[in-house]
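Chemist: Structure provided below as structure tokens; questions to follow.
Residue numbers (this note's numbering): 633 to 918.
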């Protein structure tokens, strides 16, 4: 069966986990892992028989077999990489908060963006909370949404820590642009608890039409859609209404492909990115 070959820039935790997820894909074929040093991630990919290089984006751009590229570097690096990938005719799936391309949350707006060449995966918190904000807004017209994304400190690597400002800004914008809230705010908390806790996301919304039945139905529907590509996504506290205030709490357990199960923050953005690539590959193959 024909598959679309993909490359990954950034062989760290996210890039390595992406590699294992791509290996399970029905439409995608892992082909090329690129970094800038001979890291453990590069050695891991080479050991699995994949093409590797340490010249970063240039190696991927020059590889004629690669059609879809996951950029798992940093916001600053993707600003450099994006025009190079575009000039090389590659479709870029941006795992950083650079937001050069449009925000994409698969269960909300992927079908509207299928002709783009650069897809921004928002943030881990965005993938976990924007769908809930969207579900609340379509049912009850949200005038304000605020989210608190709590992740294990052990699952926050140097890239996450370096991009905390971008995380809060990008997530807040996505809650408005994709989620539909008139105003929005995002907060991230790195939890040092040991043993590490699962990723937990609390969504608060002020709504104009507080209809509990419609909100619950809408939230449950979107959760079912997310679980089709993120099985570990689940309600911890279902929608609770207090006047016009809605509170929902979501927990995300990782699939354990490469990262531990408590790293739901990394797992959800990777699962969402693969879902985007799967859809694009299916279109290419048809």
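Built from N, CA and C at the ideal position, the CB exists for glycine as well.
Here the structure is a predicted model, which means the values were calculated and not measured.
1) At the level of alpha carbons, what is the spacing between residue 757 and residue 702?
2) Any chance you could list the beta strand (DSSP E) runs of at least 3 consecutive residues sitting entirely within the segment 743-787, in chain order?
3) Around the C-beta of residue 859, are 16 or more other C-beta atoms found within 10 angstroms, so that it is buried, or is it exposed?
4) In whole angstroms, what is the alpha-carbon distance linking residue 788 and residue 635?
5) Is the number of C-beta pairs between the segment 636-646 and the segment 689-697 that are closer than 8 Å three or more?
6) Assuming residue 768 contacts residue 869 (C-beta within less than 8 Å), just tell me the rounded distance between them.
7) Would you say the beta carbon of residue 704 is closer than 7 Å to some non-hydrogen atom of the ligand FAD?
8) Are the CB atoms of residue 704 and residue 650 nearer to each other than 8 Å?
9) Terminal residues of the continuous beta strand (DSSP E) containing residue 823?
10) In this structure, how does DSSP classify residue 870 when only helix, strand and coil are distinguished?
11) Note down the Cα distance separating residue 678 from residue 856, rounded to an integer number of angstroms.
12) Under the assumption that residue 781 contacts residue 761 (Cβ atoms under 8 Å), give the Cβ distance between them as a whole number of angstroms.
13) Which whole-angstrom value is the C-beta distance of residue 765 and residue 813, which I expect to be below 8 Å?
14) Could you tell me the distance, in whole angstroms, from the CA atom of residue 665 to the CA atom of residue 776?
15) Check residue 836 in the structure and name its three-state DSSP category.
16) Where in the segment 678-713 do unbroken runs of the alpha helix (DSSP H), each at least 4 residues long, occur, reported from the N-terminal end onward?
17) Give the straight-line distance between the Cα atoms of residue 719 and residue 772, rounded to the nearest whole angstrom.
18) Here's the rule I'm using: 16 or more other beta-carbon atoms within 10 Å means buried, otherwise exposed. How should residue 740 be labelled?
19) Pick from 633, 647 and 643: whose alpha carbon is nearest that of residue 905?
20) Does DSSP put residue 660 in a helix, in a strand, or in coil?
Modeler: Here's the rundown:
1) Counting from 1 along the chain shown, the entry for residue 757 is found at position 125. Counting from 1 along the chain shown, the entry for residue 702 is found at position 70. In a straight line, the C-alpha of residue 757 is about 19 Å away from that of residue 702.
2) The segment 743-787 contains these whole beta strand (DSSP E) runs: 750-752 and 774-784.
3) By 1-based counting over the chain shown, the position of residue 859 is 227. Residue 859 comes out exposed.
4) The count along the chain shown starts at 1 and reaches residue 788 at position 156. The count along the chain shown starts at 1 and reaches residue 635 at position 3. Taken atom to atom, the span from the alpha-carbon of residue 788 to that of residue 635 is near 32 Å.
5) Taking 8 Å as the limit for Cβ pairs, the verdict is that the segment 689-697 does touch the segment 636-646.
6) Start at 1 with the first residue of the chain shown, and residue 768 comes out as number 136. Start at 1 with the first residue of the chain shown, and residue 869 comes out as number 237. Not really, about 14 Å apart at Cβ, beyond 8 Å.
7) Inclusion of the ligand FAD in the displayed structure is not the case, the ligand content being empty and no account of it being possible.
8) In the chain shown, residue 704 corresponds to position 72, counting from 1. In the chain shown, residue 650 corresponds to position 18, counting from 1. Going by C-beta atoms, residue 704 is nearer than 8 Å to residue 650.
9) Within the chain shown, the letter at position 191 stands for residue 823. First-last of the beta strand (DSSP E) with residue 823: 815-823.
10) By 1-based counting over the chain shown, the position of residue 870 is 238. Secondary structure at residue 870: strand, using DSSP grouped into helix, strand and coil.
11) Walking along the chain shown from the start, residue 678 turns up at place 46. Walking along the chain shown from the start, residue 856 turns up at place 224. The straight-line gap from Cα to Cα measures roughly 37 Å.
12) Indexing the chain shown from 1 puts residue 781 at position 149. Indexing the chain shown from 1 puts residue 761 at position 129. Your pair residue 781 and residue 761 checks out as a contact, with CB atoms roughly 7 Å apart and the cut at 8 Å.
13) Along the chain shown, read from residue 1 onward, the residue named residue 765 stands at position 133. Along the chain shown, read from residue 1 onward, the residue named residue 813 stands at position 181. Contact annotation, residue 765 with residue 813: C-beta distance approximately 6 Å; criterion of less than 8 Å satisfied.
14) Start at 1 with the first residue of the chain shown, and residue 665 comes out as number 33. Start at 1 with the first residue of the chain shown, and residue 776 comes out as number 144. Separation of residue 665 and residue 776 (C-alpha to C-alpha, rounded to the nearest whole angstrom) is 41 Å.
15) Here the question's residue 836 lines up with position 204 in the chain shown. In the structure shown, residue 836 sits in a strand (DSSP, three-state: E or B).
16) Taking 4 residues as the shortest admissible run, the segment 678-713 contains the following complete alpha helix (DSSP H) segments, listed from N- to C-terminal end: 689-693.
17) As a position in the chain shown, residue 719 is number 87, starting the count at 1. As a position in the chain shown, residue 772 is number 140, starting the count at 1. C-alpha separation (whole angstroms): 43 Å.
18) By one-based count along the chain shown, residue 740 stands at place 108. Buried is the label assigned to residue 740, since at least 16 other Cβ atoms lie within 10 Å of its Cβ.
19) If you number the chain shown from 1, residue 905 lands on position 273. Of 633, 647 and 643, the residue nearest in Cα terms is 647.
20) Here residue 660 refers to the residue found at position 28 of the chain shown. When DSSP states are grouped into helix, strand and coil, residue 660 belongs to the strand group.
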